[in-house]
Structures are given as structure tokens and as C-alpha cells.
Amino acid sequence: MKDVQERIGEIITILSQAYPRSRTALRFESPFQILVATILSAQCTDEKVNQITPALFRKYPTPSDFASADPKVLEQEIRPTGFFRNKTKSIIGASKKIVEDFGGKVPDNMEDLISLPGVARKTANIVLSSSFKKAEGIAVDTHVRRLSQRLGLSKEQDPDKIERDLMEIVPKDDWLDFNYMLVNHGRAVCPSRKPRCPECQLKRLCPSASEFYPGNELNL
DNA sequence: ATCCCGAGGG
DNA sequence: CCCTCTGGAT
5 MKDVQERIGE
15 IITILSQAYP
25 RSRTALRFES
35 PFQILVATIL
45 SAQCTDEKVN
55 QITPALFRKY
65 PTPSDFASAD
75 PKVLEQEIRP
85 TGFFRNKTKS
95 IIGASKKIVE
105 DFGGKVPDNM
115 EDLISLPGVA
125 RKTANIVLSS
135 SFKKAEGIAV
145 DTHVRRLSQR
155 LGLSKEQDPD
165 KIERDLMEIV
175 PKDDWLDFNY
185 MLVNHGRAVC
195 PSRKPRCPEC
205 QLKRLCPSAS
215 EFYPGNELNL
């Protein structure tokens, strides 16, 4: 198997053709909406988030509306997404800080974004890339973590360490799309449980393909 | 390391 | 029943 630097270019070329420049599956119409939707998406499918956000954003159009929301009511409104107590605290807390410290506007930089309660680098990276078209890092979620490990791009477990490894390997021009490409490939052919290596366009470049489907080690 | 938490798949 | 879904705070 070639080393990481030799494989990463081919991996990005293949994936960028397989999943031509779409973005997150989350529905949103503003930086604030993608922030809330991303908080809701923790340990939950995007589809489930999309089912509740239209009504939510109609009822709470601005950060001030969420800041003054009744926590008990909001908890019930976001209940289907799971972790509803934590997510309610995060949404109301982040909204208050946006109103009080950032003039009602979602910050457009990493440092200010991760100062919001319930917002760490993953969520901040999603907001920056999908709303501001900026990439200060690479969003590492469950899909990026799983595929990075399977593809041998990182041996780390901690998302922040994986992100550091990826930032060394992935050309900066591709940072913005890298999360999207791996998420979609994860959903399409490389899910957590039963990766479908035989139909995977990356099997020739993937150290784990032979692990799941013995025989692929001949395809180097 | 553990907790938060619902919903769907196998 | 166990695992997983675009995590983050303690």
C-alpha cells in the first residue's frame, strides 16, 4: 500500500467526482439556522433534524426568539432529536451569547464560535464552511473519524487529533469539501456496520478493504 | 471515562 | 437485544 501522501490526492480526486459539490443535507437559510441545525444533529440523522427545523425556525425566527424561549417548551419541540435537555441548554445559551456579545450575528471565525456553549470545533467548522465558505479546519464527525481511520489517514481516536492529522495531509483548497466528501461516501458505501468494499471506488487505496473482504490485498 | 437521549436497523 | 446516527461538557 502506498503511503498517505501518495494516496490522498487520488482519494480526493475520486470522491470529488463521485459526490460533485453538494453540501450538507441539513436544511437552513442563514448562519444562525445552520448553527442550530448542527447542534441538533449530534448523534441524530440529518433527516430527523430536517423534520423538525421548518416549524422550529418559523416559531423562533431570530436568536432573540430562542434566547427568550421557555426551556421546557423547547425541550419538547426538539425531543425527537435526542439529548434534548443538553441541546436546549446549548441552543438557548448560544442564542443569548450571540445577542449579548455578538450583536445578534453568528460569529464568522473559529475562536468566537467555539466560545458559544455547546459549540466545539466540529460544529464551528460546519458553520464556517457551509455558511461563510471559510475553512479554518476540517470538521471531524463520526463519519470523518471512521473513514479517516479505515483509509489509514489517522490512527488517532480523538477528533481534534484526527483533525490535526488531516490538516497536515489534505491540501488546504480541499478542506472545505473534505468533510462533505467523506460523510457522503460513508453514507453511500462505507457505513459503520457493513462497509461495501467490493463496490467501493477507493478499495485500491484503502488498507482496510482487505480486512473486511479478504482478497482485496491483491488489488494494490 | 462517562453522561446525555430518541429513533431506526439488523 | 446491541449498534449507530455529521458531539460536547463534566
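Just so you know, the first sequence maps onto residues 5 to 224 in the working numbering.
Don't be surprised by glycine CBs; every beta carbon is placed ideally from N, CA and C.
Reference residue i; option with closest CA among the options
i, options, result
"ILE188", "THR66, TRP179, LEU151 and GLU167", "The sequence shown places Asn at residue 188, rather than the Ile named in the question. Residue LEU151 is the option with its Cα nearest to ASN188."
"ALA71", "GLN55, ALA41, GLY86 and GLY97", "GLY97"
"GLY122", "SER134, THR57, GLY107 and LYS101", "LYS101"
"ASN183", "ASP145, LYS198, ASP162 and LEU155", "ASP145"
"THR17", "LYS138, ASP177 and CYS194", "ASP177"
"GLU115", "GLY190, GLY107, GLY108 and ALA124", "ALA124"
"ALA20", "ALA73, PRO218 and ASP181", "Inspection of the sequence shows that residue 20 is occupied by Ser rather than by Ala. Nearest of ALA73, PRO218 and ASP181 to SER20, Cα basis: ASP181."
"ASP50", "SER214, GLU81 and LEU30", "LEU30"
"LYS138", "ALA22, PRO35, GLU14 and MET5", "PRO35"
"PHE32", "VAL131, LEU157, ALA22 and THR85", "VAL131"
"LEU170", "ARG83, GLY141 and LYS93", "GLY141"
"MET185", "LEU157, GLY107, ASN129 and ILE15", "ILE15"
"SER94", "PRO84, SER119 and CYS48", "SER119"
Residue burial classification, residue i (beta-carbon count within 10 angstroms, cutoff 16)
i, result
"PRO111", "buried"
"THR28", "buried"
"ARG154", "buried"
"PRO163", "buried"
"THR42", "buried"
"LYS126", "buried"
"VAL105", "It should be pointed out that residue 105 corresponds to Asp in this sequence rather than to Val. Counting Cβ neighbours within 10 Å, ASP105 comes out exposed, since fewer than 16 surround it."
"GLN37", "buried"
"ALA73", "buried"
"LYS113", "The displayed chain sequence assigns Asn, not Lys, to residue 113. Burial call: exposed."
"GLY107", "exposed"
"SER133", "buried"
Contacting residues, own chain, Cβ-Cβ under 6 Å from residue i (five flanking each side not counted)
i, result
"ARG216", "Reading the sequence as shown, one finds Phe at residue 216 and not Arg. The answer, listed in chain order, is PRO199 and CYS201."
"GLU172", "none"
"ARG11", "LEU209"
"ASN129", "GLY141 and ALA143"
"TYR23", "MET185 and ASN188"
Check: residue i C-beta below 7 Å from any heavy atom of the ligand SAM
i, result
"GLU115", "The ligand content of the structure shown is nil, which means the ligand SAM is not present either."
Same chain, Cβ closer than 7 Å to residue i, five either side skipped, listed in chain order
i, result
"VAL103", "PRO67, SER68 and ALA71"
"GLY13", "none"
"ARG149", "PRO163 and ILE166"
Residues near residue i by beta carbon distance below 8 Å, same chain, minus five either side
i, result
"SER158", "SER152, LYS165, ILE166, ASP169 and LEU170"
Contact belief for residue i with residue j at Cβ below 8 Å, rounded distance in angstroms
i, j, result
"GLY265", "HIS147", "This structure cannot speak to residue 265, because the chain is shown only from 5 to 224."
The region 46-60 / the region 202-218 touching (three or more Cβ pairs under 8 Å): no
Segment contact flag, the region 157-171 with the region 61-69, C-beta cutoff 8 Å, min 3 pairs: no
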